[in-house]
Each structure stands twice: as structure tokens, then as C-alpha cells.
Amino acid sequence: EAQVTQNPRYLITVTGKKLTVTCSQNMNHEYMSWYRQDPGLGLRQIYYSMNVEVTDKGDVPEGYKVSRKEKRNFPLILESPSPNQTSLYFCASTSTGPNEQFFGPGTRLTVL
Amino acid sequence: QKEVEQNSGPLSVPEGAIASLNCTYSDRGSQSFFWYRQYSGKSPELIMSIYSNGDKEDGRFTAQLNKASQYVSLLIRDSQPSDSATYLCAVNAGYSTLTFGKGTMLLVSP
Numbered sequence: 305e306a307q308v309t310q311n312p313r314y315l316i317t318v319t320g321k322k323l324t325v326t327c328s329q330n331m332n333h334e335y336m337s338w339y340r341q342d343p344g345l346g347l348r349q350i351y352y353s354m355n356v357e358v359t360d361k362g363d364v365p366e367g368y369k370v371s372r373k374e375k376r377n378f379p380l381i382l383e384s385p386s387p388n389q390t391s392l393y394f395c396a397s398t399s400t401g402p403n404e405q406f407f408g409p410g411t412r413l414t415v416l
Numbered sequence: 562q563k564e565v566e567q568n569s570g571p572l573s574v575p576e577g578a579i580a581s582l583n584c585t586y587s588d589r590g591s592q593s594f595f596w597y598r599q600y601s602g603k604s605p606e607l608i609m610s611i612y613s614n615g616d617k618e619d620g621r622f623t624a625q626l627n628k629a630s631q632y633v634s635l636l637i638r639d640s641q642p643s644d645s646a647t648y649l650c651a652v653n654a655g656y657s658t659l660t661f662g663k664g665t666m667l668l669v670s671p
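So the protein sequences, as listed, match chains L and S. Sequential numbering from 305 applies to the first sequence in this note's numbering. Sequential numbering from 562 applies to the second sequence in this note's numbering.
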């Protein structure tokens, strides 16, 4: 089954404790991205990657890091989380050509 | 700044009616247009894509695109309570990057 997976689905942590949210896709897509979604602000892109070892900032990259060492994986790293990073996070991968974007199930992060 | 505008709603329709959702975009170079459905707390789900002017039908859904007016719409015929969700319009103007609207909440009452 074609899918995007994320882990963990829920996470409560404390300020400053480094964390990683994993994302994996099995569709062999080159383009992957991370979004955060907050009430009233919609989906905002954090980072994207056009291929292995190629990443770039989206609209709200501050406080986040990403890496793309393998085509299927695109982890999101919060080196020192702060309460304003409490949000719902989505990973997505996009098919070449049709540019149809498929989302993972989401990770609800709470930073205390 | 590329923008995608949607009325936030809620749009309330009775069961069986046609729901009409609208979206405008700012970038004339946009080539691909998408509608996503998102239930509360869940991830966006792609329901329609459209790439050329005119109508595209898929079951109860019809997407309409007018590039001259920079306008895209989604019609849902025979609306069901299960269609109650937020509908996101997304536009692609560059390499695989989508710009999303903030979504329109649809409420279908039995």
C-alpha cells in the first residue's frame, strides 16, 4: 500500500529536549516536505527536499532542521524545542509530473 | 507572495444539496490545482486535481478551473453529513511546491 508514515503520532516533551520526528514514504517520490498546522494559520511549509541531500527552507524554518540521506526518509529535527513549536505536524511526499501531494497521518507535538 | 484565498466558512448546506466551495489564487503562472478534504485532527486527503480550464468530474465531485479569472471551485453534489470537513484548495506554481489556502469548513446537516 502506497503511504507516508510518521512517528511518533503524539509527543509531549519539555523545552530544550531535542527530538526527531521520522517520516518515510514507499512511493519512490523525490520531493518531500514538512508542514505545521495551527488554528487560523493553515498549513505552513517548514522545509522541503527535492531529492537526496537537497533540502531548502520553506515559509517557517526557524527552530527546525531536516536531513535527506535516503530517498524514502525525511526526518524533522527540533534541536531545542520551545512552546511556540506546539503544533500539528505533517510530512508529505509529492509525485513527479502530476504533483499530487500525499500526507502522512500527522504528529501532534506539545512542548511544555 | 503567492496567495490562495478561501472563505473560511462555515458553509452550511442541508443533506442532499449541492455544496459550492471557491478559491482564488494570485500567481498567474500556476499550473496545477488541487482540492483536499481534512477531517478535524486528521491529515489532508487529496480528492480532486485539475490542470486545464473547464470542469472535471469524479463521482459526486466536480472541480472547475478558470485560469483567466484565477479561480477554482469544487462542487459536491448530493451532500452527505460525512462530507462535513474542511476543504483545502492548493495551487502549484513551481517544482512540486504547493501553496495552500486556509480552508473552508463545510457543515452538512441531516
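Backbone N, C-alpha and C define an ideal beta-carbon position, used for all residues, glycine too. Every value quoted in this text rests on a predicted model; they were computed, and no experiment measured them.
By the neighbour-count criterion, in which a residue is buried when 16 or more other Cβ atoms sit within 10 angstroms of its Cβ, L/Pro385 is buried. The C-alpha of S/Gly664 is placed about 11 Å away from the C-alpha of S/Leu572. With respect to the C-alpha of L/Gln341, the residue from S/Phe594, S/Lys603 and S/Phe595 having the closest C-alpha is S/Lys603. S/Gly577 is a Cβ neighbour of S/Asp639, given a cutoff of 8 Å.
S/Leu607 is not a Cβ neighbour of S/Thr623, given a cutoff of 8 Å. S/Leu667 has its alpha-carbon roughly 26 Å from the corresponding atom of L/Thr398. If you look at S/Ile579, you'll find it isn't in any beta strand (DSSP E); DSSP assigns it neither H nor E. Put simply, the stretch 370-386 of chain L touches the stretch 317-336 of chain L. At least three CB pairs are less than 8 Å apart. Sequence-distant partners of S/Lys617 (beyond 5 residues in either direction) whose C-beta falls short of 6 Å from its own C-beta, in its chain, are Ile611 and Ala624. Straight through space, the alpha carbons of L/Glu305 and S/Tyr632 are spaced by roughly 34 Å. In the displayed model, L/Ser328 falls within a strand according to three-state DSSP. Within the stretch 390-411 of chain L, Leu392, Phe394, Thr398, Thr400, Pro402, Asn403, Glu404, Gln405, Phe406, Phe407, Gly408, Pro409 and Gly410 place their CB atoms closer than 8 Å to a CB of chain S, listed in sequence order. The beta carbon of L/Tyr314 sits no closer than 8 Å to any beta carbon of chain S. The DSSP-derived three-state label of S/Ser643 is helix.
Interface with chain S (8 Å Cβ-Cβ cutoff): L/Tyr352 is included.
Residue environment for L/Gly344: exposed (fewer than 16 other C-beta atoms within 10 angstroms of its C-beta). When S/Gln641, S/Ser670 and S/Val565 are compared, the shortest CA-CA separation from S/Phe595 is found for S/Val565. Chain-order list of chain L residues neighbouring S/Ser610: Pro402, Asn403 and Glu404, by C-beta distance under 9 Å.
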